[in-house]
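K.L.:
Following UniProt numbering, the numbering of the sequence shown begins with 1 at its first residue and continues without gaps. In this text, a Cβ means the ideal position worked out from N, Cα and C, and glycines have one as well. Before I ask anything, here is the structure I am working with.
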Amino acid sequence: MESLLLDKKLKHITNLILEKKEEFSKQKKYEEKDIQQQLEPWRVHLIQIYADSVSTNDTKNFEVLEEWGREVANLLVVLQLPLDVALEEISYYRNVIGEIIKEEAKAETFTFDAFYQVISRFNVVVDKAVHWVSKSYMTDFANKIQSARYAIDELSIPVVRITKEIGVIPLVGDLDTNRAQILMENALQHGSDYKLNWLIIDLYAVPIIDTMVADQIFKVIGALRLLGIQVVLSGIRAEIAQTMVNLGLDLADITTFSSLHQAVEYVNQAD
């Protein structure tokens, strides 16, 4: 009987919170009106989850909360807002809802055990909200940085079409494994799309040629040849030539030049 009475009181608190969820969602203001409008729907959702946690101890609450955390994190990343925004919101509505629970518990003369049970369950939900938002935000943020880095790397390895059948890839900076993969993808994709007969890979601005870099370049050359595209290397400085010799690299069947100008001149004559 006491259990049924407590459940009825808890349901009353849940309904009381839900009746005011729209009002609560507008209490916290941001200067940017657009951001304010986009934050309100997930505030309402958070208040709904908080309210349900008062009267139910269902694992579905946590599943809903996890999905909410992903949505919020994605919104923050899209709006370029810091994680602190979500954490402040979670904390703010913890206090708003917590105050309602406290006042209603007083009015309904909850026992200490009953109040502890309710507030503990509520705090677990709040802690889970912090956990899922933080985890999802860091994942989304890392993915966004990775995508941006990939886009920058891709733009830094362009295939420049100088005639209908001749293209140039001017490499700049260190060629790590990731950029080597982009070099392969861009060379094959654009070489095929442009229907190139020749592709000049200019190494003048590549500071270091080691075994890994040389191996990647040779793989690109081999793949391009399978497409019927001839490859010329330019920008072979003295130190690069010496490094290649020291590494025992066989350049016998690869045409090389010290400058891009010489390579372009050669290819124009050969084409």
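Could you tell me how far apart the beta carbons of glycine 98 and phenylalanine 122 are, in whole angstroms, since I believe they sit closer than 8 Å?
P.N.:
Confirmed, about 7 Å.
K.L.:
If you reduce the DSSP assignment to three classes, tell me which class arginine 161 lands in.
P.N.:
Of the three classes helix, strand and coil, the one that applies to arginine 161 here is strand, per DSSP.
K.L.:
Determine, using beta carbons only, whether valine 159 and alanine 187 come nearer to each other than 8 Å.
P.N.:
Cβ distance < 8 Å, so valine 159 and alanine 187 count as in contact.
K.L.:
Give the single residue among Asn74, Val77, Trp42 whose Cα lies nearest to the Cα of isoleucine 90.
P.N.:
Among Asn74, Val77, Trp42, the Cα nearest to that of isoleucine 90 is on Trp42.
K.L.:
Among residues of its own chain, excluding the 5 on either side of valine 231, which ones have a beta-carbon nearer than 6 Å to its beta-carbon?
P.N.:
Around valine 231: Leu199, Ile221, Leu224.
K.L.:
Just to confirm my understanding: we take alanine 104, look at its own chain, exclude 5 residues before and 5 after, and list those with CB closer than 6 Å. What are they?
P.N.:
The identity of residue 104 in the sequence shown is glutamate, whereas the question assumes alanine. If we look at glutamate 104 and ignore the five residues flanking it on each side, its Cβ neighbours are Ile13.
K.L.:
What residue ranges within the UniProt domain "STAS" (156-267) form continuous beta strand (DSSP E) runs of no fewer than 3 residues, ordered along the chain?
P.N.:
Runs of the beta strand (DSSP E) inside the UniProt domain "STAS" (156-267): 166-172, 198-205, 230-234.
K.L.:
By how many angstroms is the C-alpha of leucine 5 removed from the C-alpha of asparagine 15?
P.N.:
In a straight line, the C-alpha of asparagine 15 is about 15 Å away from that of leucine 5.
K.L.:
Let me confirm a value: proline 170 is counted as buried when at least 16 other C-beta atoms fall within 10 Å, else exposed. Which label applies?
P.N.:
That one is buried.
K.L.:
How long is the line joining the alpha carbons of tyrosine 204 and glutamine 262, rounded to whole angstroms?
P.N.:
Spanning the two alpha carbons is a distance of roughly 13 Å.
K.L.:
Starting from asparagine 95 and walking both ways along the alpha helix (DSSP H), at which residues does that stretch end?
P.N.:
Start and end: 83-107.
K.L.:
Take the Cβ of lysine 9 as the centre, count every other Cβ of all protein chains shown within 10 Å, and call the residue buried at 16 or more, exposed below.
P.N.:
Buried.
K.L.:
Provide the residue span of the alpha helix (DSSP H) that contains glutamate 40, from first to last.
P.N.:
Note, glutamate 40: alpha helix (DSSP H), 33-55.
K.L.:
Check the C-beta distance from valine 133 over to glycine 69 and give it rounded, since I have them as a contact under 8 Å.
P.N.:
Right, their Cβ atoms sit about 5 Å apart.
K.L.:
Express the C-alpha separation of threonine 56 and lysine 26 in angstroms, rounding to a whole number.
P.N.:
Each residue's alpha carbon lies about 26 Å from the other.
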